[in-house]
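Colleague: Residue numbers (this note's numbering): 1 to 313.
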Amino acid sequence: MAPRKIIIDTDPGQDDAVAMLLALASPDEIDVVAITVVAGNVPLALTAKNALKVCELAGMTSVPVHAGCDKPMGRPLVTAEHVHGETGLNGPDLPEPTMQLDPKHGVDAIIDILRAEAPGTVTLCPLGPLTNIAEAFTRAPDIVARVQEIVLMGGAYFEVGNITPTAEFNIYVDPQAADIVFKSGVPLVVMPLDVTHKALVTKPRNDAFRALGNRAGVAVAEMTDFFERFDKEKYGSQGAPLHDPCVTAYLIKPDLFSGRHINVEIETTSELTMGMTVADWWRVTDRTPNALFMGDIDADGFFALLTERLARL
Ligand code: BDR
Ligand code: CA
Numbered sequence: 001m002a003p004r005k006i007i008i009d010t011d012p013g014q015d016d017a018v019a020m021l022l023a024l025a026s027p028d029e030i031d032v033v034a035i036t037v038v039a040g041n042v043p044l045a046l047t048a049k050n051a052l053k054v055c056e057l058a059g060m061t062s063v064p065v066h067a068g069c070d071k072p073m074g075r076p077l078v079t080a081e082h083v084h085g086e087t088g089l090n091g092p093d094l095p096e097p098t099m100q101l102d103p104k105h106g107v108d109a110i111i112d113i114l115r116a117e118a119p120g121t122v123t124l125c126p127l128g129p130l131t132n133i134a135e136a137f138t139r140a141p142d143i144v145a146r147v148q149e150i151v152l153m154g155g156a157y158f159e160v161g162n163i164t165p166t167a168e169f170n171i172y173v174d175p176q177a178a179d180i181v182f183k184s185g186v187p188l189v190v191m192p193l194d195v196t197h198k199a200l201v202t203k204p205r206n207d208a209f210r211a212l213g214n215r216a217g218v219a220v221a222e223m224t225d226f227f228e229r230f231d232k233e234k235y236g237s238q239g240a241p242l243h244d245p246c247v248t249a250y251l252i253k254p255d256l257f258s259g260r261h262i263n264v265e266i267e268t269t270s271e272l273t274m275g276m277t278v279a280d281w282w283r284v285t286d287r288t289p290n291a292l293f294m295g296d297i298d299a300d301g302f303f304a305l306l307t308e309r310l311a312r313l
């Protein structure tokens with residue numbers, strides 16, 4: 001089977017970086033047509049630079065990287081330096097990138113690719129706030145029906161929230177954009193905190209990355225070393241959750257994940273619960289299902305896949 005064409009829309013972020021490395025290391029299954037960058041974990045200038053650094057770390061400098069939106073659609077930008085460090089990619093000492101950004105804006109890149117490729121052949125993989133995707137859908141409604149699927153990291157039901165008591169970071173940063181995407185009618189696969197909080201980088205798992213001995217393996221171990229201090233303090237967990245790689249792992253091995261096809265709506269008005277993903281997990285409404293909302297992961301299988309693919313870089 002031909003590899004699946006994807007656009008990664010991202011705000012790197014250590015876990016975004018691991019998600020990108022997994023995709024770039026898996027050319028038999030995944031064809032990364034473009035990477036579009038958005039403001040989120042840190043401001044756009046830093047997420048864009050980090051995306052270039054990660055492509056260079058993977059040795060994949062031919063993938064076009066486009067800077068997209070520098071702020072959410074209707075709210076001021078909220079960032080997460082408290083989790084990711086002031087660069088967004090604290091941990092490894094990666095060289096300044098020599099690779100350049102593609103001059104085309106990320107939103108234009110999404111629109112142009114979807115218009116150029118055959119309908120139903122491009123999957124969008126958002127790993128950050130949904131601003132670029134929603135802007136593209138708003139400016140070019142004709143592209144919406146051309147998207148094969150959106151596989152995204154965002155939201156939570158049982159785990160509720162990580163940036164507020166009721167909201168997950170990616171959805172909270174741009175709830176208006178998330179609302180547009182969740183109402184778009186495009187088939188959605190959602191990796192919420194309910195899944196990603198089970199994808200924990202325990203010490204043996206991180207030792208396995210480091211023991212690969214290649215630049216990517218060591219860099220990933222250093223990223224998660226940094227990233228985990230926050231979650232260990234907060235949740236008392238065994239290690240950092242690798243949120244965003246759940247998206248790219250799903251494209252390679254969907255059977256690692258299980259969930260329910262349900263209705264998910266986004267809270268966009270209440271300041272108290274802004275950005276909450278109101279997921280009808282128990283199917284107590286007659287609202288039309290719009291998302292495959294994941295609830296569980298084979299974590300050992302996930303880390304085995306990740307380690308095997310990082311070894312290829
Ligand atoms: C999400 O927020 C970011 O901090 C991570 O990169 C991930 O995409 C988790 O809530
Ligand atoms: Ca992210």
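Cβ coordinates follow ideal geometry from the N, Cα and C atoms, glycine included. Computed from a predicted model, the values in this text were never measured in an experiment.
Does the Cβ of glycine 40 lie closer than 7 Å to at least one heavy atom of ligand 2?
Modeller: Mapped onto the sequence shown, residue 40 falls at position 40. It does: the Cβ of glycine 40 is within 7 Å (strictly closer) of some heavy atom of ligand 2.
Colleague: For valine 315 and isoleucine 7, which I take to be in contact (beta-carbon distance under 8 Å), what is that distance rounded to the nearest angstrom?
Modeller: Nothing can be reported for residue 315: it is not among the residues displayed for the chain, which extend from 1 to 313.
Colleague: Ligand 1 and valine 190: does the residue's C-beta get closer than 7 Å to at least one heavy atom of that ligand?
Modeller: The sequence position of residue 190 within the sequence shown is 190, counting from 1. Every heavy atom of ligand 1 is 7 Å or more from the Cβ of valine 190, so no.
Colleague: Rounding to the nearest angstrom, what Cα-Cα distance links threonine 285 and glycine 275 in this structure?
Modeller: Translated into the one-based positions of the sequence shown, residue 285 becomes position 285. Translated into the one-based positions of the sequence shown, residue 275 becomes position 275. So the two alpha carbons sit approximately 20 Å from each other.
Colleague: Take leucine 114 as the anchor and find which of Phe227, Val33 and Gly85 has the nearest alpha-carbon.
Modeller: Here residue 114 refers to the residue found at position 114 of the sequence shown. It is Val33 whose Cα lies nearest to the Cα of leucine 114.
Colleague: How long is the line joining the alpha carbons of asparagine 90 and arginine 215, rounded to whole angstroms?
Modeller: Locating residue 90 in the sequence shown gives position 90, where the first residue counts as 1. Locating residue 215 in the sequence shown gives position 215, where the first residue counts as 1. Roughly 16 Å separates the two Cα atoms.
Colleague: Looking at proline 12: is its Cβ nearer than 8 Å to the Cβ of glutamate 29?
Modeller: In the sequence shown, counting from the first residue as 1, residue 12 sits at position 12. In the sequence shown, counting from the first residue as 1, residue 29 sits at position 29. Going by C-beta atoms, proline 12 is not nearer than 8 Å to glutamate 29.
Colleague: Nearer than 7 Å: is that true of the beta carbon of leucine 127 relative to any heavy atom of ligand 2?
Modeller: Taking the first residue of the sequence shown as 1, we reach residue 127 at position 127. Relative to ligand 2, leucine 127 has its C-beta within less than 7 Å of a heavy atom.
Colleague: Kindly indicate which three-state DSSP category proline 72 falls into: helix, strand or coil?
Modeller: Within the sequence shown, residue 72 is the residue found at index 72, counting from 1. The answer is coil: DSSP assigns proline 72 none of H, G, I, E or B.
Colleague: Output yes or no for whether 8 Å exceeds the beta carbon distance between leucine 310 and phenylalanine 182.
Modeller: The count along the sequence shown starts at 1 and reaches residue 310 at position 310. The count along the sequence shown starts at 1 and reaches residue 182 at position 182. Not a contact, by the Cβ cut-off of 8 Å.
Colleague: Assign arginine 115 to one of three DSSP states: helix, strand, or coil.
Modeller: Here residue 115 refers to the residue found at position 115 of the sequence shown. Of the three classes helix, strand and coil, the one that applies to arginine 115 here is helix, per DSSP.
Colleague: Can you give, in chain order, each stretch of the alpha helix (DSSP H) that sits fully within the region 140-210 and has at least 4 residues?
Modeller: 169-173, 175-182 and 193-196
Colleague: If we count Cβ pairs, one from each stretch, closer than 8 Å, do we get three or more for the region 52-66 versus the region 96-116?
Modeller: yes
Colleague: Measuring only from the beta carbon, is glycine 13 closer than 7 Å to any heavy atom that is part of ligand 2?
Modeller: For the purposes of this step, residue 13 is identified with residue 13 of the sequence shown, where counting begins at 1. Checking every heavy atom of ligand 2 against the Cβ of glycine 13, one is found closer than 7 Å.
Colleague: Nearest to glycine 268 by alpha carbon, out of Thr47, Asp174 and Val63?
Modeller: Taking the sequence shown and counting its residues from 1, the one referred to as residue 268 is at position 268. Glycine is not the amino acid found at residue 268; the sequence shown has threonine there. Threonine 268 has its Cα closest to that of Asp174, out of Thr47, Asp174 and Val63.
Colleague: Measuring alpha carbon to alpha carbon, tell me which residue in Pro289, Phe293 and Asp225 is nearest proline 92.
Modeller: Translated into positions along the sequence shown, residue 92 becomes position 92. When only C-alpha atoms are compared, the closest one is Asp225.
Colleague: Just mark phenylalanine 257 as buried or exposed, buried being the case when its beta carbon has 16 or more other beta carbons within 10 Å.
Modeller: Mapped onto the sequence shown, residue 257 falls at position 257. By the 10 Å Cβ count, phenylalanine 257 comes out buried.
Colleague: Mapping DSSP to helix, strand and coil, what is glycine 295?
Modeller: Residue numbering aside, residue 295 sits at position 295 when the sequence shown is read from its first letter. If DSSP states are grouped into helix, strand and coil, glycine 295 belongs with the strands.
Colleague: Let me know the secondary structure DSSP gives glycine 106 once reduced to three states.
Modeller: Here residue 106 refers to the residue found at position 106 of the sequence shown. It is helical.
Colleague: If we require 4 or more residues per run, which alpha helix (DSSP H) segments fall completely within the region 36-82?
Modeller: Segments of the alpha helix (DSSP H) lying fully in the region 36-82: 44-58.
Colleague: Using the Cα positions of lysine 49 and glutamine 14, report the straight-line distance between them to the nearest angstrom.
Modeller: For the purposes of this step, residue 49 is taken as the residue at position 49 of the sequence shown. For the purposes of this step, residue 14 is taken as the residue at position 14 of the sequence shown. Roughly 13 Å between the two C-alpha positions.
Colleague: If you draw a straight line from the alpha carbon of alanine 116 to that of lysine 5, how long is it in whole angstroms?
Modeller: The residue given as residue 116 occupies position 116 in the sequence shown. The residue given as residue 5 occupies position 5 in the sequence shown. Each residue's alpha carbon lies about 12 Å from the other.
Colleague: According to DSSP, simplified to helix, strand and coil, what is leucine 124?
Modeller: For the purposes of this step, residue 124 is taken as the residue at position 124 of the sequence shown. Leucine 124 falls in the strand class under three-state DSSP.
Colleague: Whether or not the region 197-213 and the region 70-89 are in contact is what I'm after, with contact meaning three or more pairs of Cβ atoms, one per stretch, closer than 8 Å; do they touch?
Modeller: no
Colleague: Should leucine 272 go down as buried or exposed, given a rule of 16 or more other Cβ atoms within 10 Å for buried?
Modeller: Position 272 of the sequence shown, counted from the start, is the residue given in the question as residue 272. When all chains shown are included, leucine 272 counts as exposed.
Colleague: Closest to glycine 128 by C-alpha separation, out of Thr36, Gly59 and Leu24, would be which residue?
Modeller: For the purposes of this step, residue 128 is taken as residue 128 along the sequence shown, with counting starting at 1. Considering only alpha carbons, the answer is Thr36.
Colleague: According to the Cβ coordinates, are leucine 193 and valine 18 closer than 8 Å?
Modeller: Position 193 of the sequence shown, counting from 1, holds the residue named residue 193. Position 18 of the sequence shown, counting from 1, holds the residue named residue 18. Against a cut-off of 8 Å, the Cβ pair of valine 18 and leucine 193 comes out as no contact.
Colleague: Does DSSP put histidine 261 in a helix, a strand or coil?
Modeller: Position 261 of the sequence shown, counted from the start, is the residue given in the question as residue 261. Of the three classes helix, strand and coil, the one that applies to histidine 261 here is strand, per DSSP.
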